[in-house]
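First the structure, in the form of structure tokens, and then the observations on it.
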């Protein structure tokens with residue numbers, strides 16, 4: 076579970092590390108920082124979404140990618156993706172099991188986060204962390220697109236921003 080004591084790298088407009096600050100300071104001052112989103116495929120054409128727990132400090136009770144999180148100070152994007160898969164879904168993935176599918180520069184929709192988006196196949200049983208996730212669902216992209224159009228405010232703002240890019244990339248594979 077996130078704590079305000081977490082420390083993140085602060086980055087400039089080119090995603091170069093220029094300092095570090097606590098989670099609370101980064102968010103209070105809208106400083107540029109880093110995050111990852113991972114989309115997990117459970118079977119051909121089906122992707123896991125999670126509903127964020129009520130305890131989350133940002134956008135609780137909203138649907139988002141299979142797992143996501145901040146990149147900690149000194150951590151590489153892919154290391155963060157591996158850690159988040161383990162913490163949130165109980166999945167032990169190696170670097171070779173994660174495929175980076177696109178990058179997103181910081182913007183208000185992502186909370187000033189530079190985001191790297193990965194995909195992976197579930198390589199084991201998914202065990203959601205109840206402090207992080209209250210529910211998961213498996214959907215095809217077309218089902219997700221309909222659900223998102225019907226109730227956009229049920230989804231985290233970063234997910235709403237990333238979904239069109241995600242759909243385009245995954246439709247090409």
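Numbering (the numbering used here), first residue to last: 76 to 248. Even for Gly, the Cβ is constructed at its ideal location relative to N, Cα and C. This one's a predicted model, so the numbers in the text were calculated from it and none came from an experiment.
{"Query": "Per-residue DSSP class, three states only, for residue 107", "Result": "coil"}
{"Query": "Alpha-carbon spacing of residue 146 relative to residue 221, whole angstroms", "Result": "31 angstroms"}
{"Query": "Length at least 3, wholly inside the stretch 161-228: the beta strand (DSSP E) runs in chain order", "Result": "174-179, 188-196, 208-214"}
{"Query": "Endpoints, beta strand (DSSP E) assigned at residue 147", "Result": "Per DSSP, residue 147 belongs to no beta strand (DSSP E) and is neither H nor E."}
{"Query": "Range of the contiguous beta strand (DSSP E) that encloses residue 84", "Result": "82-86"}
{"Query": "Residues near residue 126 in its chain [Cβ-Cβ closer than 6 angstroms; skip 5 each side]", "Result": "138, 209, 210"}
{"Query": "8 angstroms Cβ shell around residue 129 - same chain, five flanking residues per side excluded", "Result": "135, 136, 209"}
{"Query": "Counterpart residues of residue 112 in DSSP-defined beta bridges", "Result": "143, 192"}
{"Query": "DSSP bridge partner residues for residue 157 (one or two, in chain order)", "Result": "BP columns for residue 157 are empty, so no partner."}
{"Query": "For residue 124, the three-state DSSP class (helix, strand or coil)", "Result": "strand"}
{"Query": "Identity of the residues DSSP links to residue 231 by a beta bridge", "Result": "Answer is none; residue 231 lacks a bridge partner."}
{"Query": "Assigned exposure category for residue 170 - 16 Cβ within 10 Å defines buried", "Result": "exposed"}
{"Query": "Under the three-state DSSP convention, the category residue 118 falls into", "Result": "strand"}
{"Query": "C-beta contact flag for residue 101 and residue 142 at 7 angstroms", "Result": "no"}
{"Query": "Per-residue DSSP class, three states only, for residue 98", "Result": "helix"}
{"Query": "Beta-carbon gap between residue 163 and residue 207 smaller than 7 angstroms", "Result": "yes"}
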